[in-house]
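Visitor:
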Amino acid sequence: MKTEHLPVGVSLKEAADVLGIDVSTLRRDIAAGCPTVELGSVGRGKGSRVDVDAVRRWRAGTRGDVLPLLETTLMAVFRDGVHERLKIHPGAVAYVLLRVYERAHERVWSDPLVDLPAEMMRLCTICLEWLESEEFYMEGKE
-3 MKTEHLPVGV
7 SLKEAADVLG
17 IDVSTLRRDI
27 AAGCPTVELG
37 SVGRGKGSRV
47 DVDAVRRWRA
57 GTRGDVLPLL
67 ETTLMAVFRD
77 GVHERLKIHP
87 GAVAYVLLRV
97 YERAHERVWS
107 DPLVDLPAEM
117 MRLCTICLEW
127 LESEEFYMEG
137 KE
(Lines of atoms letter the chains of each structure in order from A and count residues from 1; the text may use other names and numbers.)
(Lines give C-alpha, C1' and ligand atoms only; values in the text may rest on other atoms or scores of the structure.)
Protein backbone atom coordinates (compact mmCIF):
# COMPACT_ATOMS: atom_id res chain seq x y z
CA MET A 1 0.00 0.00 0.00
CA LYS A 2 1.46 3.31 -1.11
CA THR A 3 0.93 6.24 1.23
CA GLU A 4 0.61 9.62 -0.40
CA HIS A 5 2.49 12.50 1.18
CA LEU A 6 -0.08 15.23 1.66
CA PRO A 7 1.30 18.75 2.00
CA VAL A 8 0.77 20.33 5.40
CA GLY A 9 -0.19 23.98 5.66
CA VAL A 10 -0.89 26.27 2.74
CA SER A 11 1.24 28.13 0.23
CA LEU A 12 2.35 31.67 0.95
CA LYS A 13 -0.03 33.00 -1.72
CA GLU A 14 -3.00 31.17 -0.19
CA ALA A 15 -2.06 32.33 3.31
CA ALA A 16 -1.56 35.91 2.17
CA ASP A 17 -4.97 35.90 0.51
CA VAL A 18 -6.64 34.55 3.66
CA LEU A 19 -4.81 37.06 5.87
CA GLY A 20 -5.46 39.98 3.55
CA ILE A 21 -1.77 40.86 3.20
CA ASP A 22 0.72 40.87 0.36
CA VAL A 23 2.93 37.82 -0.20
CA SER A 24 6.01 40.04 0.20
CA THR A 25 4.75 41.05 3.67
CA LEU A 26 4.41 37.40 4.60
CA ARG A 27 7.94 36.70 3.32
CA ARG A 28 9.26 39.56 5.49
CA ASP A 29 7.36 38.14 8.46
CA ILE A 30 8.99 34.75 7.88
CA ALA A 31 12.42 36.39 7.69
CA ALA A 32 11.60 38.09 11.01
CA GLY A 33 10.76 34.78 12.68
CA CYS A 34 7.17 33.94 11.74
CA PRO A 35 6.70 30.16 12.02
CA THR A 36 6.56 28.01 8.91
CA VAL A 37 5.33 24.45 8.45
CA GLU A 38 7.89 23.88 5.74
CA LEU A 39 10.60 26.26 4.58
CA GLY A 40 10.72 26.06 0.81
CA SER A 41 13.46 26.12 -1.76
CA VAL A 42 13.75 27.31 -5.33
CA GLY A 43 11.56 25.59 -7.88
CA ARG A 44 7.93 25.02 -8.75
CA GLY A 45 6.02 23.26 -5.99
CA LYS A 46 8.86 23.70 -3.51
CA GLY A 47 7.68 26.90 -1.87
CA SER A 48 7.31 27.55 1.83
CA ARG A 49 4.12 26.44 3.56
CA VAL A 50 2.55 27.98 6.62
CA ASP A 51 -0.24 27.33 9.08
CA VAL A 52 -2.52 30.36 8.74
CA ASP A 53 -3.60 30.25 12.40
CA ALA A 54 0.03 30.13 13.58
CA VAL A 55 0.88 33.09 11.33
CA ARG A 56 -2.15 34.98 12.65
CA ARG A 57 -1.07 34.35 16.26
CA TRP A 58 2.52 35.34 15.51
CA ARG A 59 1.48 38.56 13.76
CA ALA A 60 -0.86 39.51 16.62
CA GLY A 61 1.84 38.91 19.22
CA THR A 62 4.52 40.75 17.31
CA ARG A 63 2.33 43.67 16.41
CA GLY A 64 0.99 44.02 19.93
CA ASP A 65 4.53 44.61 21.21
CA VAL A 66 5.27 47.33 18.67
CA LEU A 67 2.82 50.01 19.78
CA PRO A 68 3.97 50.38 23.40
CA LEU A 69 7.55 50.65 22.13
CA LEU A 70 6.46 53.27 19.61
CA GLU A 71 4.64 55.24 22.33
CA THR A 72 7.77 55.32 24.47
CA THR A 73 9.95 56.30 21.51
CA LEU A 74 7.66 59.11 20.35
CA MET A 75 7.44 60.53 23.87
CA ALA A 76 11.23 60.38 24.18
CA VAL A 77 11.58 62.30 20.90
CA PHE A 78 9.17 64.91 22.21
CA ARG A 79 10.88 65.17 25.61
CA ASP A 80 14.25 65.56 23.88
CA GLY A 81 13.04 68.96 22.71
CA VAL A 82 13.02 68.33 18.99
CA HIS A 83 10.66 71.31 18.62
CA GLU A 84 13.33 73.64 20.04
CA ARG A 85 16.00 72.36 17.67
CA LEU A 86 13.65 72.68 14.70
CA LYS A 87 12.28 76.00 15.97
CA ILE A 88 8.69 74.93 15.61
CA HIS A 89 5.86 74.97 18.09
CA PRO A 90 5.66 71.93 20.42
CA GLY A 91 2.03 71.51 19.37
CA ALA A 92 3.10 71.00 15.75
CA VAL A 93 5.56 68.30 16.81
CA ALA A 94 2.87 66.69 18.98
CA TYR A 95 0.53 66.67 15.97
CA VAL A 96 3.11 64.95 13.75
CA LEU A 97 3.93 62.36 16.40
CA LEU A 98 0.24 61.63 16.95
CA ARG A 99 -0.25 61.11 13.21
CA VAL A 100 2.73 58.71 13.15
CA TYR A 101 1.18 56.75 16.02
CA GLU A 102 -2.24 56.75 14.37
CA ARG A 103 -0.85 55.42 11.08
CA ALA A 104 1.17 52.76 12.90
CA HIS A 105 -1.91 51.68 14.85
CA GLU A 106 -3.94 51.37 11.65
CA ARG A 107 -1.18 49.31 9.98
CA VAL A 108 -0.81 47.05 13.01
CA TRP A 109 -4.46 46.39 13.75
CA SER A 110 -6.10 47.22 10.39
CA ASP A 111 -8.62 49.31 12.33
CA PRO A 112 -8.90 53.04 12.89
CA LEU A 113 -7.57 54.40 16.15
CA VAL A 114 -10.43 55.00 18.60
CA ASP A 115 -8.88 55.37 22.06
CA LEU A 116 -5.45 56.86 22.65
CA PRO A 117 -3.22 55.33 25.30
CA ALA A 118 -2.41 57.61 28.27
CA GLU A 119 1.07 58.48 26.95
CA MET A 120 -0.38 59.60 23.64
CA MET A 121 -3.15 61.58 25.39
CA ARG A 122 -0.44 63.87 26.77
CA LEU A 123 0.60 64.67 23.21
CA CYS A 124 -3.03 65.14 22.26
CA THR A 125 -3.48 67.72 25.03
CA ILE A 126 -0.40 69.63 23.85
CA CYS A 127 -1.66 69.50 20.28
CA LEU A 128 -5.15 70.73 21.20
CA GLU A 129 -3.72 73.60 23.25
CA TRP A 130 -1.62 74.58 20.25
CA LEU A 131 -4.59 74.51 17.87
CA GLU A 132 -6.74 76.54 20.27
CA SER A 133 -3.97 79.14 20.76
CA GLU A 134 -3.77 79.75 16.99
CA GLU A 135 -0.01 80.24 17.41
CA PHE A 136 0.99 78.16 14.46
CA TYR A 137 4.51 79.55 14.22
CA MET A 138 7.14 80.08 16.89
CA GLU A 139 7.88 83.77 16.61
CA GLY A 140 10.87 85.39 18.20
CA LYS A 141 12.74 82.09 18.56
CA GLU A 142 16.08 82.28 16.84
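All residue numbers for the sequence shown refer to the working numbering, where the first residue is -3 and numbers rise by one. From the three backbone atoms N, C-alpha and C, an ideal C-beta is built for every residue, glycine too. As the structure is a prediction and not an experimental result, all values here were calculated from the model.
Just to check my reading of the structure: TYR97 and MET116 have Cβ atoms closer than 8 Å, yes? What is that Cβ distance to the nearest angstrom?
Guide: Numbered from its first residue, the sequence shown carries residue 97 at position 101. Numbered from its first residue, the sequence shown carries residue 116 at position 120. That pair is a contact at about 6 Å.
Visitor: Could you check whether the region 50 to 59 touches the region 29 to 36, counting it as contact only if at least three pairs of C-beta atoms, one from each stretch, sit closer than 8 Å?
Guide: Enough Cβ pairs lie closer than 8 Å, so yes.
Visitor: Which of helix, strand or coil does DSSP assign to VAL6?
Guide: Here residue 6 refers to the residue found at position 10 of the sequence shown. Strand, per DSSP.
Visitor: Suppose you measure from the CA of ALA50 to the CA of THR121; what does that come to, to the nearest Å?
Guide: Indexing the sequence shown from 1 puts residue 50 at position 54. Indexing the sequence shown from 1 puts residue 121 at position 125. When rounded, the distance between both Cα atoms is 39 Å.
Visitor: Please state whether DSSP places VAL14 in a helix, a strand or coil.
Guide: Here the question's residue 14 lines up with position 18 in the sequence shown. Here VAL14 sits in helix by DSSP.
Visitor: Strictly by DSSP, which residues pair up with GLU34?
Guide: Here residue 34 corresponds to residue number 38 of the sequence shown, with the count starting at 1. Answer is ARG45, bridged to GLU34.
Visitor: For LEU35 versus VAL19, is the C-beta distance shorter than 7 Å?
Guide: Indexing the sequence shown from 1 puts residue 35 at position 39. Indexing the sequence shown from 1 puts residue 19 at position 23. No; because the gap between Cβ atoms is not below 7 Å, this pair is not in contact.
Visitor: If you draw a straight line from the C-alpha of SER106 to the C-alpha of LEU112, how long is it?
Guide: To locate residue 106, count along the sequence shown from 1; it is residue 110. To locate residue 112, count along the sequence shown from 1; it is residue 116. Their backbone Cα atoms lie some 16 Å apart in a straight line.
Visitor: Quick one, which of ALA72, LYS83, ARG45 has its alpha-carbon nearest LEU93's?
Guide: As a working note, residue 93 is residue 97 in the sequence shown. Among ALA72, LYS83, ARG45, the Cα nearest to that of LEU93 belongs to ALA72.
Visitor: Under a Cβ-count criterion, where at least 16 other Cβ atoms within 10 Å of its own Cβ denotes burial, should VAL62 be classed as buried or exposed?
Guide: Along the sequence shown, read from residue 1 onward, the residue named residue 62 stands at position 66. By the neighbour-count rule (16 or more Cβ atoms within 10 Å), VAL62 is not buried but exposed.
Visitor: In the DSSP assignment, find the unbroken alpha helix (DSSP H) run with ILE122 in it and report its ends.
Guide: Taking the sequence shown and counting its residues from 1, one reaches residue 122 at position 126. Where ILE122 is concerned, the enclosing alpha helix (DSSP H) stretches over 114 to 129.
Visitor: Residues in its own chain within less than 7 Å of ALA11 by CB, not counting five upstream and five downstream?
Guide: Position 15 of the sequence shown, counted from the start, is the residue given in the question as residue 11. Excluding positions up to five away in sequence, the list reads LEU22, VAL46, VAL48, VAL51.
Visitor: Please classify SER20: does DSSP put it in a helix, a strand, or coil?
Guide: For the purposes of this step, residue 20 is identified with residue 24 of the sequence shown, where counting begins at 1. Of the three classes helix, strand and coil, the one that applies to SER20 here is helix, per DSSP.
Visitor: What does a CB cutoff of less than 7 Å around VAL89 pick up in its chain, not counting 5 residues either side in sequence?
Guide: Working through the sequence shown from its first residue, we reach residue 89 at position 93. Excluding positions up to five away in sequence, the list reads PHE74, VAL78, HIS79.
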